[in-house]
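Structure record follows, encoded as structure tokens.
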Amino acid sequence: MESIQHFMIILVLIGILSAYQYKAQSSGGSMTPARSLDALLQDYAYRAFVHPHTGRPYDGQVPSNITGIKIAALRLRSGSLRRKGVPGYKEFQIPTGVIVRPYVKRLVLVYQNLGNWSSTYYNLPGYTHLTPVLGLLAYDAANLSATNLPELTVVVSKSPILINFTDARPVPAGLSARCVYFNLVGLPVFRELVSSNVCSTSQQGHFSIVVNASSIAPPPAPRPGHAKGNKSKVWKIVGAVVGGFIALVLLALLVAWMFRYRQERKMADMERHADVGEALQMARVGNTQAPVALGTRTQPVLENEYVA
Ligand SMILES: *[C@@H]1O[C@H](CO)[C@@H](O)[C@H](O)[C@H]1NC(C)=O
Ligand SMILES: *[C@@H]1O[C@H](CO)[C@@H](O)[C@H](O)[C@H]1NC(C)=O
Ligand SMILES: *[C@@H]1O[C@H](CO)[C@@H](O)[C@H](O)[C@H]1NC(C)=O
Ligand SMILES: *[C@@H]1O[C@H](CO)[C@@H](O)[C@H](O)[C@H]1NC(C)=O
Ligand SMILES: *[C@@H]1O[C@H](CO)[C@@H](O)[C@H](O)[C@H]1NC(C)=O
């Protein structure tokens, strides 16, 4: 009976803790925020095509709730991409020999510069971005009004694509800068730099240069839009405090209940022992009291703490 109550309390405690943990981690929906952003930016980049010329990049406009992100779209014949590459598409240098699968006649390369939103969408615990996160994603160009398009598969058959970061912050002394590549699932892969601000890749995805420090001196320019970030931070802290408090209260209740339970057991034992008679004397064995007959030479051995 008591052990069932025990079990129930622990179960409730674990349930509340894990529910809280889950809420803190997930942001809802089956898509990660970064993937939803990719879909949104594909839509807005395609809107930049009004009367598009093949092979010319067009800068797009992002919705006002993500001001600070820059996008562009470049429409190409896939044969031209393979034979000529794209010598300079913003920071990306695409060599010859790049093909997309499945075969499409024309494709669109969507460029993303996440600017001050980089660590919001591509937070890397223990690391700091020295550059904005840049994205390069390939889509079918067959329907320029299409949304929620799946990415094509990019295959690099000769030399890799280079990313020449133009506005990298200097590497703080004692830290090592590395390239990081986020695949479409969002998993980071670290690589060495090709040169001081150049990374290479054989895949599409998101890229930046990071250092192995969770925080470094902030960039000199003050960041606008701070209040919003602080507000959500405050809510996170409030959530953590409330969650922690509830867990603590439950823990305290559990401890108090266990304490009372032990006391009651002890009282019951003592009452029972008192009934046994004055001939028996209490002696300490292990952690519990056990009745001992006067003058016994051998001390009783405790077999089970809860022996009746
Ligand atoms: C920003 O606004 C767009 C269009 O108004 C909306 O589709 C999108 O979900 C919003 N994104 C975020 C991150 O709030
Ligand atoms: C293009 O995509 C839009 C949006 O999904 C759709 O409404 C339209 O019918 C498509 N056009 C063609 C030619 O498939
Ligand atoms: C990167 O860009 C800088 C400035 O635009 C240029 O001087 C440098 O040669 C480029 N590096 C590579 C590897 O293309
Ligand atoms: C970062 O990496 C460098 C070189 O590997 C190492 O010397 C340094 O201690 C690391 N710093 C941190 C904060 O991990
Ligand atoms: C980025 O900067 C823009 C203004 O340039 C601001 O509106 C936006 O809130 C900022 N984003 C973040 C995540 O701080």
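Residue numbers (mature numbering (1 follows the signal peptide of the UniProt record, and there is no 0)): -19 to -1, 1 to 289.
Where a beta carbon is used, it is the ideal one built from N, C-alpha and C, also for glycine.
Which value, in whole angstroms, describes the spacing of the CA atoms of L165 and L232?
For L165 and L232, the distance between alpha carbons rounds to 41 Å.
Tell me the DSSP secondary structure of D148 in three-state form.
Under the three-state reduction of DSSP, D148 is assigned to coil, being neither helix nor strand.
Cα-Cα, which of Y84, D40, G69 is closest to E132?
The shortest CA-to-CA distance from E132 to any of Y84, D40, G69 is the one to Y84.
Take the Cβ of T182 as the centre, count every other Cβ of all protein chains shown within 10 Å, and call the residue buried at 16 or more, exposed below.
That one is buried.
Does at least one heavy atom of ligand 3 sit under 7 Å from the Cβ of Q93?
Incorrect: Q93 has no Cβ contact closer than 7 Å to ligand 3.
Whole-angstrom distance between V191 and V161, CA atom to CA atom:
Rounded to the nearest whole angstrom, the CA to CA distance from V161 to V191 is 7 Å.
Is T112 near ligand 5 - that is, is its Cβ less than 7 Å away from at least one heavy atom of it?
The answer is no for T112.
Three-pair Cβ contact test at 8 Å for the stretch 144 to 153 versus the stretch 34 to 52
Touching, no.
Under the three-state DSSP convention, the category N97 falls into:
Helix at N97.
Per DSSP, what are the beta-bridge partners of V137 in this structure?
Partner(s): V79.
Need the endpoints of the alpha helix (DSSP H) that N21 sits in, please.
Before going further, note that residue 21 is Leu rather than Asn in the sequence given. It spans 14 to 27 - the alpha helix (DSSP H) in which L21 sits, taken as one unbroken run.
Bridge-paired residues (DSSP) for residue 302
The displayed coordinates of the chain run from -19 to 289. Any statement about residue 302 would go beyond what the structure contains.
Flag A127 as yes when its Cβ comes closer than 7 Å to any non-hydrogen atom of ligand 2, and as no otherwise.
Yes.
Following the continuous alpha helix (DSSP H) through G41, name the residue where it begins and the one where it ends.
For G41, there is no enclosing alpha helix (DSSP H); the residue is part of the beta strand (DSSP E) that begins and ends at 38 to 41.
If you run the structure through DSSP and keep just helix, strand and coil, what is Y70?
The answer is strand: DSSP assigns Y70 an E or B state.
Is T109 near ligand 5, judged by its Cβ being under 7 Å from some heavy atom?
Between ligand 5 and the CB of T109, the shortest heavy atom gap is not smaller than 7 Å.
Does the distance between the C-beta of T147 and the nearest non-hydrogen atom of ligand 3 fall short of 7 Å?
When distances are taken from the beta-carbon of T147 to the heavy atoms of ligand 3, the shortest one is below 7 Å.
Output needed for E72: all residues of its chain with C-beta closer than 7 Å, excluding positions within five of it in sequence on either side, in chain order.
So the list reads L115, I144, N145, F146, T147, once near-sequence residues are dropped.
With a threshold of 7 Å, establish whether the CB of S157 neighbours any heavy atom of ligand 4.
Flag set: Cβ of S157 near ligand 4.
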